[in-house]
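Following this note's numbering, the numbering of the first sequence begins with 98 at its first residue and continues without gaps.
Some notes on the structure that comes next.
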Amino acid sequence: MTHYLDQLNDVQKQAVLQKDGPMIIIAGAGSGKTRVLTYRIAHLMKNDVDPFNILSLTFTNKAAREMKSRIASVVGQSEAKNLWMGTFHSVFARILRSESEKIGFPSNFTIYDTQDSVRLLTAIIKELQLEKDKYKAKQVLGRISQYKNSLITVRAYYNSPELLEADKLSGRPQMGKIYKEYVDRCFKAGAMDFDDLLLRTNELLTRFPVVLAKYQDRFRYIMVDEYQDTNHSQYLIVRALADRYQNICVVGDDSQSIYSFRGANIQNILNFQKDYDDVKIFKLEQNYRSSKVIVEAANSVIEKNKTKLDKEIWTANAEGERVIVMRTYSEGDEGRFVADSIFENKMQNQLTNDVFTVLYRTNAQSRAIEDALRKKDIKYRIYGGLSFYQRKEIKDTLAYLRLLVNPNDEEALKRVINYPARGIGQTTIDKLTVAANHYKKSIFDILLNLELVDLKINSGTKIKLENFANMIRSFQIEMESKNAFEITDAVLKKTRLIKDIELEGTPEAISRVENVQELLNGIKDFIEVQKEKEEEASLSYFLEDVALATDFDNEKDDIPRVSLMTIHLSKGLEFPYVFIVGLEENLFPSAMSMNTRSEIEEERRLFYVAITRAEKQVFLSYAQSRYRWGKLIDCEPSRFLEEIDEKYLKYITPKKSIVQSNKFIDQNIFDDIPQHKIRFKKPVQRVIQKSKARKNDSIKNEPPKNLKKLTTTITGKDKTNLFDNNLTVGNIVEHAKFGRGEVIHLEGNGNNKKAEIKFESGNTKKLLLQFAKLNIIA
DNA sequence: TTTTCAAGAATTTTT
DNA sequence: TTCTTGAAAA
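Written out as structure tokens, the structure reads:
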């Protein structure tokens, strides 16, 4: 086997060999950054640095796992095991577990995910009787997140005239009150949100010099990956920990900073040299990933940004295919283009699905792509969006487990106190909350002391509450003798949660039951893996893992699939063929990020990231019209398309079109869109060449047939539209719930069309055809 | 208290 | 178009 140092180029080698002192590695896209990081760590270990003394912070758990296994292959499994490696959130959550009591949190503190936070804020806003239109929980959370990431505590907030003024101006003068209540409630519940994991770590390190010294001494060598996307809170943690030994190595690429919306501060990387003395700089500029065309096309884009560090990315790789640009009529067409291209490429080049990825700006765009892939029977996997652990049935199950571990967890309690339904309604919960706030206790404490507080609830409800509390307590006792898997199983049986889902009897219910089973399997796996690693397999640790898990962490070996994800999620990944869809103004760049130069620059970096994921070829596409909230809107091509040097592009026109619309599509509606003429009339110049070159004879200058279109739409969409047209008075229909009946009257139009039906049971009902799933019997 | 239906909002990006 | 929310009915 060749020595690992021989697998590196000069700069890479220097970076690996640089052992001590502050250093920064500016790593262009595809420049072998991970390789340098892993070998650097391996090299440290080979040179007498104890793995216990190395801290490596990555952007995702997946990156940490991969790096760890690559290091293990150089230095051996048992050595690599002791490395501290993970995301900021997971590493410091782990540290907080052992230190949290110093700052008033129990060691079994809960981690609130975004949904928990939003729910809590919604409750608080309601309790404070604020207008919920002014105070939208999500926005309020975003604001609080900003404070926390900038280390602005409630007190600091009230001491800052600027912040008070800013919130007043934006119509939210009560932000301080909400912020305070939110922090207090989290504290009382023994819960930390994502931002708290960093904020409280900072608190711990600042307030307790002994603790700081302990971890400074422990982490003698610190590495931070994706440094361009660290926020202020993370920045301070790193500074504090590195202060003693100054062995800090940060890696990143300012051109790939794409997380400013969640507080990432690009200045952290731009100013690194000012923060430490005698910083060594390494620039990895050779790209090993992508073809020349891709590297240079990407360069031509990022050049347009003013704020950036000086570097020149180049590659020795082959020229490669040009970037394909595809104009389509609609999102449906765009999807078909993607599916067709994947299909063609697979056939021509004997490829499997997993070499393709489709990237988009917003999650909502995935649907059209999914539909098209499904029609072509191409298997795919979506990353992000609603992840496994965010599904209702999973969150419900987990909420029980959370409550067992930490009965003060308010959000978990509110989630399950009446699920499955046990007759404890909103009014009762409100009363409990008021009492809990009044006595400064958790709701569970109130439940345990019902006779001491006068809640003005009737005795029936009181018994229900007592039963619930007793059930939770008995689980807690059981938990002492059972492992995580057994206790979960017991909870599911006792609460009849699965039975409750099955009761719905729908096909979706079946898959939801399967999800819960899957969760059980997951717990079993977790126990086994932890045993292998000789680590604790407690329920508490499992819940922590789950709270910080991302979609990538739940990946199963399966058949090869096309990957679908947002560009943000694709950071750090690479794929041979990359489709970037929806290159339209207001979508990409997003309408929300077109106000300032820096916002546009971030969007451009996002585009840069997207292009540079590709090894072999990039496909860009945009639609001329797109559905938004059920309405068809016209779209303009993205400015980014013009920013790519044209010599790297190849324009393709659609072969044929199926315009998916409920509306009667008249050719004329395209007339005010000049590009459209390419399609039916004369193509503009650069398109002529391409269509000639491709012998694209499938363009027959033939307007789409309206009749056909309509049929396609109807059969392709839900069938109720069909009934809408066909149903007449006198029809005998069957309804899933109510059984058979006769249509005795029709009213309304389109989506509002209703049928009055006399059922065999004798009941007469008015049903909206849009929703009612009726089968026509006669 | 629970269920049902109609009206209204909703789309950046995520640990 | 689809999801969430709120009021009214059961």
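Glycine included, C-beta positions come from ideal geometry on N, C-alpha and C.
Can you look up residue i in the DSSP assignment and give me helix, strand or coil?
i	result
P604	helix
K579	coil
G429	helix
L661	strand
N442	helix
Y457	strand
E611	helix
S667	helix
T211	helix
I249	coil
L102	helix
R783	Model confidence at R783 stands at a pLDDT of 28, short of 50, so the residue's coordinates are unreliable and nothing is read from them.
K229	coil
I656	coil
Q111	helix
D474	coil
I355	coil
So, is residue i buried or exposed, given that buried needs 16 or more other C-beta atoms within 10 angstroms?
i	result
I378	exposed
P53	Nothing can be reported for residue 53, as the shown portion of the chain is limited to 98 through 875.
R725	exposed
A415	exposed
D103	exposed
L114	exposed
I269	Contrary to the premise, residue 269 reads as Arg rather than Ile in this sequence. Answer is buried; the Cβ neighbour count reaches 16.
Y536	exposed
N567	exposed
W181	buried
G429	buried
I730	exposed
T211	exposed
N564	exposed
Q383	buried
N365	buried
Assuming contact is defined by CB atoms lying nearer than 8 Å, are residue i and residue j in contact in what I supplied?
i	j	result
S667	R609	no
Q721	R424	yes
R216	E508	yes
Y244	Y232	no
V678	I391	no
V420	F672	no
I708	A394	yes
D350	I138	no
V422	Y748	yes
Y312	L333	no
V280	V251	yes
Y318	N179	no
S45	D326	The first residue shown for the chain is 98 and the last is 875, placing residue 45 beyond what the model contains.
T663	Y356	no
Would you list the one or two residues that DSSP bridges to residue i?
i	result
W411	Q383
W181	L152
E681	P734
K377	M120
S718	M423
S687	N683 and L684
I222	DSSP output for I222 lists no bridge partner at all.
A361	N328
I479	L661
I345	I319
Y724	L729
Y674	F453 and Q714
Flag residue i as yes when its Cβ comes closer than 7 Å to any non-hydrogen atom of the ligand SAH, and as no otherwise.
i	result
A361	No copy of the ligand SAH occurs in the structure displayed, which carries no ligand at all.
Where in the stretch 482-569 do unbroken runs of the alpha helix (DSSP H), each at least 4 residues long, occur, reported from the N-terminal end onward?
489-502, 507-513, 523-536 and 540-545
What are the start and end residues of each continuous alpha helix (DSSP H) run of 4 or more residues lying completely inside the stretch 728-753, in chain order?
736-740
Length-filtered (3 minimum) beta strand (DSSP E) runs lying within the stretch 275-332:
The qualifying runs are 288-290 and 318-321.
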